[in-house]
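Enquirer: Okay, so the sequence shown: first residue is 1 according to the UniProt record's numbering, each after it adds one.
All C-beta atoms in this analysis are idealised placements derived from N, C-alpha and C, irrespective of residue type, glycine included.
What you are looking at is a predicted structure, and each value in this text was computed from that prediction instead of being measured.
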Amino acid sequence: MLFERPDDDTLYEALIARSADYEGQAYVCVKTTGIFCRLTCPARKPKRENTLFFDTIAACMHSGFRPCRRCKPLEQPGREPVVDALLAALDGEPEVRWSEDELVRRGHDPSTVRRAFKRALGMTFHDIVRYIKLGEAARQLADGVRVIDAQIDAGYESPSGFRAAFQRLIGKTPALA
1 MLFERPDDDT LYEALIARSA DYEGQAYVCV KTTGIFCRLT CPARKPKREN TLFFDTIAAC
61 MHSGFRPCRR CKPLEQPGRE PVVDALLAAL DGEPEVRWSE DELVRRGHDP STVRRAFKRA
121 LGMTFHDIVR YIKLGEAARQ LADGVRVIDA QIDAGYESPS GFRAAFQRLI GKTPALA
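(1) Whole angstroms is fine: what's the gap from Asp-55's alpha carbon to Leu-39's?
(2) Which one or two residues does DSSP pair with Thr-51 in a beta bridge?
(3) At a cut of 8 Å, does the segment 26 to 37 reach the segment 51 to 71 through at least three beta carbon pairs?
(4) Scan the segment 50 to 107 and note each continuous alpha helix (DSSP H) run of 4 residues or more that stays entirely inside, going in chain order.
(5) Does the segment 157 to 168 touch the segment 130 to 139, meaning 3 or more C-beta pairs lie closer than 8 Å?
(6) Assess contact between the segment 111 to 129 and the segment 72 to 83, defined as three or more Cβ pairs (one per stretch) separated by less than 8 Å. Is contact present?
(7) Identify the residues that DSSP records as bridge partners of Ile-35: which are they?
(8) Whose CA, out of Glu-157, Gly-107 and Gln-151, lies closest to the CA of Thr-173?
(9) Just to confirm, is the Cβ distance from Ile-16 to Lys-45 under 7 Å?
(10) How many whole angstroms separate the CB atoms of Cys-71 and Pro-42, which I take to be in contact at a CB cut-off of 8 Å?
(11) Grab me the residues of Gly-122's own chain with a C-beta within less than 7 Å of its C-beta, minus the 5 sequence neighbours each way, in chain order.
(12) Which residue wins for smallest C-alpha separation from Gly-155, given the options Gly-107, Val-145, Pro-94 and Pro-110?
(13) Under the assumption that Leu-86 contacts Val-104 (Cβ atoms under 8 Å), give the Cβ distance between them as a whole number of angstroms.
(14) Taking the straight line between their C-alpha atoms, what separation do you get for Asp-7 and Gly-34?
(15) So, with DSSP's three-state summary, where would you put Lys-45?
(16) In or out: Leu-141 buried (at least 16 other Cβ within 10 Å) or exposed?
(17) For Asp-153, which of helix, strand or coil comes out of DSSP?
(18) Around the Cβ of Glu-157, are there at least 16 other Cβ atoms within 10 angstroms (buried) or fewer (exposed)?
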């Protein structure tokens, strides 16, 4: 067999850690609630003795378990709509100065945005904005633009903040870029 499901103890550890290592390869059924979930479900974790693990959704449902309303195992896993919406806005509106107030103005909760981006991409929305702005600043500096102009275009008011962020990301100071 090409793939063998890990033992139940390994899957329970993945459930507790919300590890995506076995996403779609196993599902947890909770005897006390009668539901089945993805191993990455954010719901409260059941006791070990109240869990069963199955390879397929069909096996879970055949055993009488219903899908979780929180992690929705019947739906394809994917990015949350807020991630795609904000990435499109970032791409389409490069001049916007993204702040928490701007997110609120657009109808998004900053904490929800932060968590959604961390789950989907491993970094926050503001980290992505910062990397894009600093990458653009590096391109401008390579084209001969003055450091102060690249700093202002990147949205940094403080020269020391720009220098520190630039050096942390690029590995050298703006003057040497």
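Expert: According to the structure data:
(1) When only Cα atoms are considered, Asp-55 and Leu-39 end up about 12 Å apart.
(2) DSSP lists Val-30 as partners of Thr-51.
(3) Between the segment 26 to 37 and the segment 51 to 71, the count of Cβ pairs shorter than 8 Å is three or higher; the stretches touch.
(4) Every alpha helix (DSSP H) of 4 residues or more that sits fully in the segment 50 to 107 is shown, in chain order, as 57 to 62, 81 to 92 and 100 to 105.
(5) Yes, they touch.
(6) Yes: at least three Cβ pairs fall under 8 Å.
(7) Under DSSP, Ile-35 shares a beta bridge with Val-30 and Arg-66.
(8) If you compare the alpha carbons of Glu-157, Gly-107 and Gln-151 with that of Thr-173, the shortest gap goes to Gln-151.
(9) Cβ atoms of Ile-16 and Lys-45: closer than 7 Å.
(10) Rounded, the Cβ-Cβ distance is 7 Å, consistent with contact.
(11) Cβ neighbours of Gly-122 beyond the five flanking positions: none.
(12) Residue Pro-94 holds the alpha-carbon nearest to the alpha-carbon of Gly-155 among Gly-107, Val-145, Pro-94 and Pro-110.
(13) Not confirmed; about 13 Å, so no contact.
(14) For Asp-7 and Gly-34, the distance between alpha carbons rounds to 22 Å.
(15) Annotated three-state conformation of Lys-45 is coil, per DSSP.
(16) Buried, since its Cβ has 16 or more Cβ neighbours within 10 Å.
(17) Secondary structure at Asp-153: helix, using DSSP grouped into helix, strand and coil.
(18) It is exposed - the Cβ of Glu-157 has fewer than 16 other Cβ atoms within 10 Å.
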